[in-house]
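S.K.: My questions all concern the structure below.
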Amino acid sequence: MKFAAISSVLPSEELTNERIVAQVIEESYGTLSSSDCGRLEQAFAYLFSRAGTKVRFVRAEGETARQLTVRAGQAALKAAGMSPDDIELLIYVGVGRGFLEPSTASLFQDQLGLRRATCFDVLDACASWMRAIHIAQAFNRCRLYRRIMILNAEFNFHEFINFRFESLGDLRYNFAKFTVGEAATATILCDTEDDAEYYASFKTWAEFHNLCLLPLPNFREFSGPDLPAQASPFQFYSDSQELLEVGASKLISHFREDEQINRYYPDIVFGHAASDRAGEKVALGCGRSPAIFYQTHSRFANTVSASVPLAMEHAVKEGRLKNGDNIAIAVASAGLTTVWARFRFLT
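Residue numbers for the sequence shown follow numbering that gives the first Met the number 0, so the first one is 0 and each next one is one higher.
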């Protein structure tokens, strides 16, 4: 498995914590008292500081998810020195999408002119990109598809966020949505005779599935009595404190139980950028130096399934990730899914 290209595109509007808090206070004033608004402002500042959130990029007026994602795909083709006809398989991954049917991959197969490629979607929340890598390397290894593009369009900020608070208690379930940023990424993988020494392990802890939700209108038809009362259609819900604590704990236990991972000493580690503090906790819990964990939350916030490829592209640009480096990937995702992967980065 060789990385022929990793490209990303960020939307142009830089949204600071201060602007978010100002809008929350403006829309909540009247529902909340002035003293409660003051306490809410202080709570936001404390939580943003703990998470390491500073800024996120979101679509400006006139920018669309389609335009930005097509740009990412075209940039990857150019970087790989390929034409659209060279791509044999397109896998679209992640939460961002405009419809449930047909596949979002089919839209971008058309928009990018990938006429020879078959395509499908993969969805496992923030672990979606890593799921697609696992599928792609298997196809590469058996030579069924030799040139594969993995594409995501994580543009979920404006559509699924309500800035109005009814009470201070809303912060527990609403804070995580304000740590989300937007990005599109395109990764092109090719088969190679060189051995990338790829290994990945996935675990699912489904008893925690209700900690992070983005429900559809009919969600109660598919849910049990343990569904949070605060969940509502098309609103991002996350019990972020418990989610991060459980996710980090399960990721650490997953690491300790897998000798293929815990006996491996990578040059660099990439994680799902939900929180820089959570990344440090995982590093220390695994007995590894936080210095080898490449953190991007403070620069881009939580870009969902785009977090790892976005980080990898920037690490390449900065010289932190080079051809032949041994890398590890650690992701904890809604569901709850934990992923550890290891391989040599070949270009």
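Ideal Cβ positions, reconstructed from N, Cα and C, are used throughout, including at glycine. None of these values were measured; they are calculated from a predicted model.
Who are the Cβ neighbours of Ala3 in its own chain at under 6 Å, not counting the five residues just before and after it?
M.R.: Only Ala79, Ile187 and Cys189 meet the Cβ criterion.
S.K.: In chain order, what residues of the same chain have a beta carbon less than 8 Å from the beta carbon of Asp347, not counting five sequence neighbours either side?
M.R.: In the structure as shown, the chain begins at 0 and stops at 346. Residue 347 is therefore absent and cannot be evaluated.
S.K.: Give the DSSP-derived three-state secondary structure of Ser200 in the structure shown.
M.R.: Strand.
S.K.: Would you list the one or two residues that DSSP bridges to Tyr293?
M.R.: Answer by DSSP bridge pairing, in chain order: Phe269.
S.K.: Thinking just about the alpha-carbon of each residue, which of Ala21, Gly72, Ala42 and Lys1 is nearest to the one in Leu9?
M.R.: Selected option, being the one with the closest Cα: Gly72.
S.K.: Output the distance between the C-alpha atoms of Asn325 and Gln110, rounded to the nearest integer angstrom.
M.R.: For Asn325 and Gln110, the distance between alpha carbons rounds to 35 Å.
S.K.: When burial is assigned at 16 or more other CB atoms within 10 Å of the CB, is Tyr172 buried or exposed?
M.R.: Burial call: buried.
S.K.: Compute the beta-carbon to beta-carbon distance between Leu345 and Thr191, rounded to the nearest angstrom, for a pair I have assumed lies under 8 Å.
M.R.: So it is a contact: roughly 6 Å between Cβ atoms.
S.K.: Which of the three DSSP states is assigned to Val92 in this structure?
M.R.: In this structure, Val92 counts as strand in the three-state DSSP scheme.
S.K.: Measuring alpha carbon to alpha carbon, tell me which residue in Ala175, Ile260 and Ala137 is nearest Leu243.
M.R.: Residue Ala175 is the option with its Cα nearest to Leu243.
S.K.: How would you label Gln259, buried or exposed, when you count the other beta carbons within 10 angstroms and need 16 or more for buried?
M.R.: Exposed, since its Cβ has fewer than 16 Cβ neighbours within 10 Å.
S.K.: Give me the residue from Leu167, Leu226, Gly334 and Gln234 with the minimum Cα distance to Trp36.
M.R.: Note on residue identity: the sequence assigns Cys, not Trp, to residue 36. It is Leu167 whose Cα lies nearest to the Cα of Cys36.
S.K.: Nearest-angstrom Cα distance between Ser34 and Ala205?
M.R.: Ser34 and Ala205: Cα-Cα distance of roughly 40 Å.
S.K.: Alpha carbon to alpha carbon, what distance is there between Pro232 and Asn352?
M.R.: The requested residue 352 does not occur in the structure, where the chain is confined to residues 0 to 346.
S.K.: If we require 4 or more residues per run, which alpha helix (DSSP H) segments fall completely within the region 273-329?
M.R.: Fully enclosed alpha helix (DSSP H) runs of 4 or longer: 275-284, 296-299 and 306-316.
S.K.: Can you tell me whether Leu31 is buried or exposed, with buried defined as 16 or more other CB within 10 angstroms of its CB?
M.R.: Buried: at least 16 other Cβ atoms inside 10 Å.
S.K.: Given Ala199, which residues of its chain have a CB within under 6 Å of its CB, disregarding the five upstream and five downstream residues?
M.R.: Result list for Ala199: His133 and Ala340, in chain order.
S.K.: Could you tell me if Pro308 is buried or exposed, where buried requires 16 or more neighbouring beta carbons within 10 angstroms of its beta carbon?
M.R.: Pro308 comes out buried.
S.K.: With respect to the alpha helix (DSSP H) encompassing Leu76, which residues constitute its N-terminal and C-terminal limits?
M.R.: First-last of the alpha helix (DSSP H) with Leu76: Ala64 to Ala79.
S.K.: What do you get for Arg38, buried or exposed, if any count of 16 or more other CB atoms within 10 angstroms of its CB means buried?
M.R.: Exposed is the call here.
S.K.: Just list the residues that DSSP pairs Phe56 with in beta bridges.
M.R.: BP columns for Phe56 point to Glu13.
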